[in-house]
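J.: Below is a structure I'd like to ask you about.
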Amino acid sequence: MEIYWTSKKTINGLKHFIVINQYEFKKEAFLDIVSVLDESISFTISKKVFEESSQWIKGWNNNERENIDIKEYLEFKSSIRK
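At position 9 of the sequence shown (counting the first as 1) the number is 15 in our numbering, and the numbers step up by one without a gap.
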């Protein structure tokens with residue numbers, strides 16, 4: 007499985023992510039995913055849900071107009087500091 011991914015929509019302001027772990031729990035595969043730029047932006051998702059989603063592009067796609075939404079990112083950072 008590819009480990010580098012670009013989200014079509016920003017997640018907490020960011021688009022570039024890496025799959026850092028893949029594991030099975032109760033016969034279902036899961037992926038641990040983390041932002042390339044900020045390790046505090048991470049999540050776990052079912053591999054099946056991830057693969058069926060149209061939100062992801064293999065690799066780091068730099069053809070997007072913007073790869074960061076700074077306003078959304080700063081709002082996320084300020085919310086976790088509180």
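Heads up, the beta-carbon is just placed ideally off N, CA and C, and yes, glycines get one too.
Note that this is a predicted model, so its numbers are computed, not measured.
Using only the alpha-carbon positions, how far apart do Lys39 and Lys77 sit?
T.: According to the sequence displayed, residue 39 carries Ile and not Lys. If I take the Cα positions, the gap works out to 22 angstroms.
J.: What is the rounded straight-line gap between the Cα of Lys53 and the Cα of Phe82?
T.: For Lys53 and Phe82, the distance between alpha carbons rounds to 25 angstroms.
J.: With a threshold of 6 angstroms on Cβ separation, who are the neighbours of Thr50 within its own chain once the five nearest residues in sequence on each side are excluded?
T.: These residues qualify, in order along the chain: Phe36, Asp38.
J.: For Lys32, which of helix, strand or coil comes out of DSSP?
T.: Here Lys32 sits in coil by DSSP.
J.: Is it buried or exposed, Ile26, if we count other Cβ atoms within 10 angstroms and call 16 or more buried?
T.: Exposed, because fewer than 16 other Cβ atoms sit within 10 Å of the Cβ of Ile26.
J.: Mind checking which residues open and close the alpha helix (DSSP H) that includes Ile86?
T.: Looking at the DSSP string, the run of the alpha helix (DSSP H) that includes Ile86 is 76-87.
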